[in-house]
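Working notes, beginning with the structure itself.
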């Protein structure tokens, strides 16, 4: 076949406003509240800036609170359906650290911080990334009810399955603030639900 | 914080041998066997070339058999744990077509062809991509048993969940040939299982 029309590479880039926002954030995020607060803020700004859905994720050094990477949902701006906030944050951390394995022996333990429970794709993405902890503002039916997004078919024992693979799950931090961002997004007349069928 | 050390973009690129291999393939792949045969061949060559694990995926126009994109597992070469073959093929198709939605109204129906059932991450990636059909060589315990890779926590009703979202699942095409590739990989003394904990 004529292969000249085939794409041979792909990629995505953070919008400029993310670095501007981060420039005003302290060097370390010591508490769970500090981490979720930043995720909620980036998620809110991402939809207000029209750069994607109301989702953000961070990779953070669990012990020190040092930020390793920050991601926001880039599906609409990158044109790639896999660029959910979690995939973006994990990929940027792996790019910065030059390794696919964020859980290499001897390296500092890293965690993924998200403003809600990951969808089924990002559930797997977190599982294969090497992070040792998932910290989420919350889980439950609110995000699907308020925004129309589909989280996909998760198993009832999703958190236990993380545990069996050495990944701790902690949830319920600034949950109401997270829900407020979803409520604002759902109230927009131009809200795009880019994974509905 | 000082943001200068943060990564702001990420990406991945196919190894050169993929286009060489595809140059010898017919312009269209009319039958399911044609499509799975190519996926099996790319999967085998990917591990023999040491460019990744024994997995490959294609995006194909269901009606005509025209190849839209081809992907192989790039975790080790890209340093990104999300670059499984399915994510690579879907992302390359979306890059070529300049849209995150491979199932836009009026566009030709596209399918994802893979040499085994997707892991839980790629299950979600397929679900959000817009493809209308998943064609796989097979499913079952063989890939985990022969290679040591973890498919992750899938639901029992995984195929029905695709169906509810308008995605047909067909399986059991050149299944033995697919298993033979996994057997060869598992027999390598230097086989890397890059998602095990």
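Chains as they are written, first to last, in our numbering: chain Z, 1 to 197; chain F, 1 to 197.
Glycine included, C-beta positions come from ideal geometry on N, C-alpha and C.
Which whole-angstrom value is the C-beta distance of residue i and residue j, which I expect to be below 8 Å?
i	j	result
residue 3 of chain Z	residue 97 of chain F	16 Å between Cβ atoms; not a contact.
residue 118 of chain F	residue 156 of chain F	In fact, because the Cβ distance is near 16 Å, the residues do not count as touching under 8 Å.
residue 14 of chain Z	residue 59 of chain Z	13 Å between Cβ atoms; not a contact.
residue 107 of chain Z	residue 82 of chain F	Between residue 82 of chain F and residue 107 of chain Z the Cβ distance is about 19 Å, and since that is not below 8 Å, they are no contact.
residue 76 of chain Z	residue 69 of chain F	Incorrect: roughly 20 Å between the Cβ atoms, too far for contact.
If you draw a straight line from the alpha carbon of residue i to that of residue j, how long is it in whole angstroms?
i	j	result
residue 78 of chain Z	residue 138 of chain F	32 Å
residue 188 of chain F	residue 148 of chain F	12 Å
residue 167 of chain Z	residue 30 of chain F	44 Å
residue 123 of chain F	residue 47 of chain Z	26 Å
residue 25 of chain F	residue 19 of chain F	10 Å
residue 8 of chain F	residue 136 of chain Z	23 Å
residue 109 of chain Z	residue 102 of chain Z	8 Å
residue 1 of chain Z	residue 115 of chain F	21 Å
residue 84 of chain Z	residue 17 of chain F	30 Å
residue 28 of chain Z	residue 67 of chain Z	7 Å
residue 38 of chain Z	residue 100 of chain Z	25 Å
residue 192 of chain F	residue 160 of chain F	32 Å
residue 56 of chain Z	residue 142 of chain F	37 Å
residue 190 of chain Z	residue 50 of chain Z	10 Å
residue 203 of chain F	residue 65 of chain Z	Residue 203 of chain F is absent from the structure shown; chain F starts at 1 and stops at 197.
residue 105 of chain Z	residue 164 of chain Z	18 Å
residue 95 of chain F	residue 177 of chain Z	35 Å
residue 171 of chain F	residue 35 of chain Z	43 Å
residue 140 of chain Z	residue 169 of chain F	29 Å
Is the CB of residue i under 9 Å away from at least one CB in chain Z?
i	result
residue 51 of chain F	no
residue 191 of chain F	no
residue 102 of chain F	yes
residue 13 of chain F	yes
residue 185 of chain F	no
residue 2 of chain F	yes
residue 165 of chain F	yes
residue 70 of chain F	yes
residue 134 of chain F	no
With 9 Å as the threshold, decide whether the Cβ of residue i is near any Cβ in chain F.
i	result
residue 85 of chain Z	no
residue 31 of chain Z	no
residue 182 of chain Z	no
residue 120 of chain Z	yes
residue 64 of chain Z	no
residue 203 of chain Z	The structure shown does not extend to residue 203 of chain Z, since chain Z spans only 1 to 197, so no value can be given for it.
residue 96 of chain Z	yes
residue 18 of chain Z	yes
residue 10 of chain Z	yes
residue 41 of chain Z	no
residue 56 of chain Z	no
residue 170 of chain Z	no
Kindly list the residues whose CB is nearer than 6 Å to the CB of residue i, restricted to its own chain and excluding five residues on each side of it in sequence; keep chain order.
i	result
residue 146 of chain Z	182, 183, 186
residue 152 of chain Z	119, 120
residue 72 of chain Z	42, 46, 52, 56, 85
residue 194 of chain F	75
residue 162 of chain Z	169
For residue i, collect the residues of the same chain with a Cβ closer than 8 Å to its Cβ; drop the 5 residues on either side in sequence, then sort them by chain order.
i	result
residue 80 of chain Z	10, 12, 74
residue 33 of chain F	173, 174
residue 62 of chain Z	108, 109, 110, 111, 132, 133
residue 144 of chain F	150, 151
residue 54 of chain F	43, 44, 46, 47, 73, 115, 147, 181, 182, 184, 185
Once the 5 residues before and after residue i are set aside, which same chain residues still bring their CB inside 7 Å of it?
i	result
residue 158 of chain Z	123
Looking at C-beta atoms only, is the number of pairs between the region 117–136 of chain F and the region 87–95 of chain F that lie closer than 8 Å three or more?
-> yes
What residues in the region 141–155 of chain F bring their beta carbon closer than 7 Å to a beta carbon of chain C?
-> Note that chain C does not occur in the displayed structure, where the protein chains are Z and F.
Taking one C-beta from the region 166–185 of chain F and one from the region 39–46 of chain F each time, how about it: are there three or more such pairs within less than 8 Å?
-> yes
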